Amino acid sequence: MRRHLVAGNWKMNGQVADGVARVEELAGLAAAQPAACDVLICPPATLIVPLRGYVSAGAMALGGQDCHHDDSGAFTGDIAAPMLADIGCSHVIVGHSERRRDHGESNERVAAKAAAAHRAGLQAIICVGETKTERDAGDAIRVVTRQVRESVPDGAGAANTVIAYEPVWAIGTGDTAMPADVEAMHNTIRTELAEMISEESERLRLLYGGSVKPDNAVELLAIEDVDGALVGGASLKPADFWAIVRACPGV
Ligand code: PGA
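Reminder that position 14 of the sequence shown reads as 13 in numbering that gives the first Met the number 0, one-by-one numbering, no gaps.
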């Protein structure tokens with residue numbers, strides 16, 4: 000019912016030559032071993048236009064890593080959602096924990112960014128996830144439920160929104176959440192979404208993120224209610240990223 004989505008978040012890595020080489024390698028892998036899921040690359044903003052020609056030829060989409068909550072204006076250094084749409088993006092990540100942590104982004108701000116993405120015709124990938132302290136205190140479910148409630152804007156539905164559950168302590172650490180905990184959290188998120196957006200919630204995709212690697216992808220992607228992955232570190236290595244793509248059920 001829900002087609003899996005595997006998204007690569009390259010974060011602040013790479014110059015044009017690196018990005019082109021990576022995408023060319025991915026295109027080769029895609030031709031040899033087709034994906035059974037949707038594949039999205041979120042490179043640094045500077046690489047979106049240079050990569051566009053390579054990506055459009057294959058089965059991959061391009062997305063931004065963040066957008067501003069206004070459509071234009073005096074916001075030095077920011078990128079607006081319509082600008083991402085204008086250069087060929089179909090998606091944008093909002094509320095990644097690195098932005099929440101380093102740029103003080105609140106749930107309300109994340110909801111405003113997601114709403115801006117929707118206005119621009121982009122799918123918003125809204126990130127949520129608890130810290131280690133919150134999990135150790137037994138607070139993970141409450142924190143993430145609140146993030147979902149406050150970070151998902153009115154008008155969200157399966158066509159314009161993806162939720163990525165990324166436990167903060169699992170990002171870039173090599174620690175992955177236990178499959179049972181991932182399953183419980185994804186169930187919780189879908190139950191919360193059911194109250195917010197009713198029947199749309201069944202079709203909305205929930206991704207897991209946090210140290211997804213080729214050797215844990217099969218297990219994580221087989222979990223009920225896990226509809227794909229948001230991949231950081233491993234997305235910088237084409238062979239690893241493609242192994243995760245190929246780990247989606249249905250290949
Ligand atoms: P990671 O990052 O795969 O390197 O843990 C995930 C993310 O930040 O989206």
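All residues carry an ideal CB built from backbone N, CA and C; glycine is no exception.
Predicted model, so just to flag it, every value in this text is computed and none were measured.
The beta carbon of residue 209 lies closer than 7 Å to those of 165, 166, 169, 170, 175 and 176 in the same chain, with the five residues before and after it left out. Taken in chain order, the unbroken stretches of alpha helix (DSSP H) that lie wholly in the region 9-70 and span 4 residues or more are 15-31 and 44-56.
Secondary structure at residue 92: strand, using DSSP grouped into helix, strand and coil. As DSSP reads the structure, residue 247 sits in no beta bridge. The C-beta of residue 102 has fewer than 16 other C-beta atoms within 10 Å across all chains shown, which makes the residue exposed.
In the DSSP assignment, residue 162 falls within the unbroken beta strand (DSSP E) covering 160-164. Residue pairing by DSSP places residue 206 opposite 163 in a beta bridge. For the 8 Å CB-CB criterion, residue 203 and residue 163 do not form a contact.
In terms of CA proximity to residue 125, 228 leads the group 194, 72, 228 and 14. Put simply, the region 57-74 touches the region 85-92. At least three CB pairs are less than 8 Å apart.
For residue 181, the three-state secondary structure derived from DSSP is helix.
For residue 232, the distance from the CB to the nearest heavy atom of the ligand PGA is below 7 Å. Here DSSP, grouped into helix, strand and coil, assigns residue 80 to helix.
Approximately 6 Å separates the beta-carbon atoms of residue 38 and residue 244; this is inside 8 Å, confirming the contact.
Per DSSP, the continuous beta strand (DSSP E) segment holding residue 123 begins and ends at 122-127.
Relative to the ligand PGA, residue 215 has its C-beta separated by 7 Å or more from all heavy atoms.
Remark: the shortest separation between the CB of residue 170 and any heavy atom of the ligand PGA falls under 7 Å.
Each residue's CA atom was taken as its position, placing residue 31 and residue 68 some 40 Å apart. In the DSSP assignment, residue 230 forms a beta bridge with 7.
Of 133, 211, 46 and 219, the smallest CA-CA separation from residue 179 is found for 219. Here DSSP, grouped into helix, strand and coil, assigns residue 225 to coil. Under the three-pair Cβ rule at 8 Å, the region 116-123 counts as touching the region 75-85. Following the DSSP letters along the chain, one finds residue 140 inside the alpha helix (DSSP H) bounded by residues 139-150.
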